[in-house]
Amino acid sequence: MAVITWFKVRREDLAHSDGYFLGGRSLPWFVVAGSMVLTNISTEQLVGLNGGAYLSGMNVMGWEVLAAVALVLLALVLLPVYMRGGITTLPQLIESRYGRSVRVLLALVLVTGLLITILPFVLYTGALSMVGLFNVEAMLGVDRHTAVLVLAVALGVIGGAYAVFGGLKAVAVSDTINGVGLVFGGLLVTWLGLLHLGDGSVAAAVHTLRTVHPEKLNAVTGPESSVPFSTLFTGMLMINISYWCLNQNIIQRAFGARSLADGQKGVLLAGLMKVCGVLILVVPGVIAYHIFDGSLAHGDLAYPRLVELVLPTWMRGFFGAVLFGAILSSFNSTLHSLSTLFSLDVYKTMIRKQASETETVWVGKVFGLLLIVVAIAIVPMLQDTQAGIFDLMKRVGGFFFAGSLGTILLGLIYKRSTPIAPFVGFVLGAFNFGYFVWVRDGVLYSAGDVVVKLHWLHIHALNGAVVFGVMWAIRTWIPTRAPAREAEVIKTTVDLTPWRGVRFAGFGLLALVVLVYVVFSPLGVAK
Numbered sequence: 001m002a003v004i005t006w007f008k009v010r011r012e013d014l015a016h017s018d019g020y021f022l023g024g025r026s027l028p029w030f031v032v033a034g035s036m037v038l039t040n041i042s043t044e045q046l047v048g049l050n051g052g053a054y055l056s057g058m059n060v061m062g063w064e065v066l067a068a069v070a071l072v073l074l075a076l077v078l079l080p081v082y083m084r085g086g087i088t089t090l091p092q093l094i095e096s097r098y099g100r101s102v103r104v105l106l107a108l109v110l111v112t113g114l115l116i117t118i119l120p121f122v123l124y125t126g127a128l129s130m131v132g133l134f135n136v137e138a139m140l141g142v143d144r145h146t147a148v149l150v151l152a153v154a155l156g157v158i159g160g161a162y163a164v165f166g167g168l169k170a171v172a173v174s175d176t177i178n179g180v181g182l183v184f185g186g187l188l189v190t191w192l193g194l195l196h197l198g199d200g201s202v203a204a205a206v207h208t209l210r211t212v213h214p215e216k217l218n219a220v221t222g223p224e225s226s227v228p229f230s231t232l233f234t235g236m237l238m239i240n241i242s243y244w245c246l247n248q249n250i251i252q253r254a255f256g257a258r259s260l261a262d263g264q265k266g267v268l269l270a271g272l273m274k275v276c277g278v279l280i281l282v283v284p285g286v287i288a289y290h291i292f293d294g295s296l297a298h299g300d301l302a303y304p305r306l307v308e309l310v311l312p313t314w315m316r317g318f319f320g321a322v323l324f325g326a327i328l329s330s331f332n333s334t335l336h337s338l339s340t341l342f343s344l345d346v347y348k349t350m351i352r353k354q355a356s357e358t359e360t361v362w363v364g365k366v367f368g369l370l371l372i373v374v375a376i377a378i379v380p381m382l383q384d385t386q387a388g389i390f391d392l393m394k395r396v397g398g399f400f401f402a403g404s405l406g407t408i409l410l411g412l413i414y415k416r417s418t419p420i421a422p423f424v425g426f427v428l429g430a431f432n433f434g435y436f437v438w439v440r441d442g443v444l445y446s447a448g449d450v451v452v453k454l455h456w457l458h459i460h461a462l463n464g465a466v467v468f469g470v471m472w473a474i475r476t477w478i479p480t481r482a483p484a485r486e487a488e489v490i491k492t493t494v495d496l497t498p499w500r501g502v503r504f505a506g507f508g509l510l511a512l513v514v515l516v517y518v519v520f521s522p523l524g525v526a527k
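Right, dumping it as structure tokens:
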């Protein structure tokens, strides 16, 4: 993989910010799609989502399927705005609405949020999977905690090498090729799991899934489930829109597209891949529940145990390489995005405004190396967590969600906004989420026998709406004094001609989302 990636990027100008941070804006549509999906999918989803499916069934597929809705919004509405501005980072666009202080604030919040909620989780779940696959404890003669930490260090160092020294194109190329292996390896585990469940017959396995614990196939569940169906229209939808449309870690791949049409094709293909990803990231968890009969001590053990059970020994090396690629893809993509945010939106904006292109890139590399150390240091804190690792990751991310979403949305709606609003929004959003989700466990009101309690995803949406409302009110009462710089002027040489089939493909993808939910409901296979 390193040799192939080097060959593809050997002539790139990595001393220039466009070449290092955006791959020279030369990524074709299939590389955009592959990099977006592999940035998102790693062992925290292979382990975490399948663990959720083991415990709760198909209702957790909302984390996957609803991504397609957000990606349709990105392709049809937001991506043309982003690419027309010729921006490298989202805070660049925000500066034209609020001023330089908010650009720096948003960049720092995004860096902190992604550092805490993605990098250590990817390293931990990746190391945990590799430890289980190869029995590293016995090989090294150490306990599980030490084995996980050793592999986390190895993954961090190797993954960081791609991001720090190769730039976005190296990340995107390796992501795309790793994606082929992940799709093949992931589908293979699902297929072998079905064969094991059905004693060699896939048809028998499907019959077992539909007749023994058929409730596990139902994605349309009530408020008592881990992911109620109603949350798809509140917190789940808002989180997906925030993640796929307003997250530098994801949209930077689309910024690097060689044209708007390539960006739109890549984004919609990524949406299709997310819907199909249910077969890799959710269905194996349901299969594992039937094979182990719900006897595992922890849901996050479901996928590693299933892989250990169904894969023949001679194939473990291949699957280990697939897992390794998936881990590196998410880790190096996130690391590169954080380096981009710090270099362009903090260092060159606030610390050293006259920094040269070479110096800016060098600072990004050094900052990336520091992030690797911090991420590895957080890994021991995640070991032996009692909550599902995927659920924990999303709950931690809630501290950063409302303020970021309110700041970006207000900036997209209005060309002028007061910089006071984002500062209030970030503090209020973090306090509300921490108090009502982490302290009161979803209880909004209690007096005697009257208790009003909401699922944390509903609180997520409610918090986002309240924070946005407060920010909008502040913007109305305290208007900005100076006019914003015009951000809608075309500043790029990239072809901005839209893809002619974007609307047809977008609405077709939305129809597929509806169809998938019909299939995994009492109207379909969950009878």
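Read in my numbering, the sequence shown has 183 at position 183, and its numbers run on one by one without any break. Don't be surprised by glycine CBs; every beta carbon is placed ideally from N, CA and C. Since we're looking at a predicted model, the values are computed, not measured.
Cβ-Cβ distance between residue i and residue j below 9 Å
i, j, result
"Ser174", "Met1", "yes"
"Gly325", "Gly141", "no"
"Val278", "Glu64", "yes"
"Leu301", "Leu512", "no"
"Ile250", "Asn463", "no"
"Leu195", "Ile376", "no"
"Leu371", "Leu338", "yes"
"Tyr517", "Val220", "yes"
"Gly368", "Gly160", "yes"
"Asn50", "Ala254", "no"
"Val102", "Leu128", "no"
"Val494", "Arg258", "yes"
"Phe319", "Val212", "no"
"Gly48", "Gly179", "no"
"Ser417", "Ser42", "no"
"Thr125", "Ile389", "yes"
"Leu328", "Leu155", "yes"
Rounded C-alpha distance that separates residue i from residue j
i, j, result
"Gly115", "Val131", "The displayed chain sequence assigns Leu, not Gly, to residue 115. Each residue's Cα considered, the two are about 23 Å apart."
"Leu105", "Thr407", "10 Å"
"Tyr243", "Trp191", "30 Å"
"Gly222", "Met236", "15 Å"
"Gly263", "Tyr347", "28 Å"
"Val267", "Leu260", "10 Å"
"Glu359", "Ala107", "19 Å"
"Ile490", "Phe423", "The pLDDT assigned to Ile490 is 46, lower than 50, so where the model puts this residue is not dependable, and the model offers no usable value."
"Val282", "Asn432", "31 Å"
"Ala152", "Gln383", "12 Å"
"His460", "Ile158", "35 Å"
"Cys245", "Leu110", "14 Å"
"Leu509", "Ala447", "46 Å"
"Leu548", "His298", "No information on residue 548 is available, as it lies outside the stretch 1 to 527 that the chain covers here."
"Ile542", "Pro304", "Absent from the model: residue 542. The displayed extent of the chain is 1 to 527, so no value can be given."
"Ser230", "Gly524", "19 Å"
"Trp472", "Gly403", "12 Å"
"Gly193", "Leu209", "12 Å"
"Val451", "Val379", "37 Å"
"Gly398", "Ala430", "7 Å"
"Asn59", "Tyr98", "40 Å"
"Glu488", "Lys415", "Its pLDDT being 41, under 50, Glu488 is placed unreliably by the model, and nothing is read from it."
"Leu269", "Leu38", "13 Å"
"Asp199", "Asp293", "15 Å"
"Thr528", "Ile4", "This structure does not reach residue 528, given that the chain is present from 1 up to 527, and the question cannot be answered."
"Val374", "Glu308", "31 Å"
"Gly506", "Arg352", "42 Å"
"Glu357", "Val81", "25 Å"
"Pro91", "Gly501", "30 Å"
"Val366", "Pro312", "42 Å"
"Phe30", "Asp449", "56 Å"
Bridge-paired residues (DSSP) for residue i
i, result
"Asp495", "Ser259"
"Tyr445", "Val452"
"Leu534", "No answer is possible for residue 534: the residues shown for the chain start at 1 and end at 527."
Rounded Cβ spacing between residue i and residue j (contact assumed at less than 8 Å)
i, j, result
"Leu496", "Met83", "6 Å"
"Leu93", "Ile87", "5 Å"
"Thr112", "Val396", "11 Å between Cβ atoms; not a contact."
"Ala70", "Ile241", "5 Å"
"Leu341", "Thr176", "Contact doesn't hold; Cβ gap of about 23 Å is too wide."
"Lys274", "Ala67", "4 Å"
Any non-hydrogen atom of the ligand MG within 8 Å of residue i CB
i, result
"Ala152", "Absent from the structure shown: the ligand MG. Ligands present: none."
| said: If we require 4 or more residues per run, which alpha helix (DSSP H) segments fall completely within the segment 376-429? | reply: 389-413
| task | Give, in chain order, every unbroken run of the alpha helix (DSSP H) that is at least 4 residues long and sits entirely within the segment 219-258. | result | 235-245 and 248-255
| message | Restricting to runs no shorter than 4 residues, where is the alpha helix (DSSP H) found entirely within the segment 70-140? | response | 79-84, 90-98, 100-117, 119-134 and 136-140
| query | Unbroken alpha helix (DSSP H) runs of length 4 or more, entirely within the segment 285-366: which are they? | reply | 302-310 and 316-341
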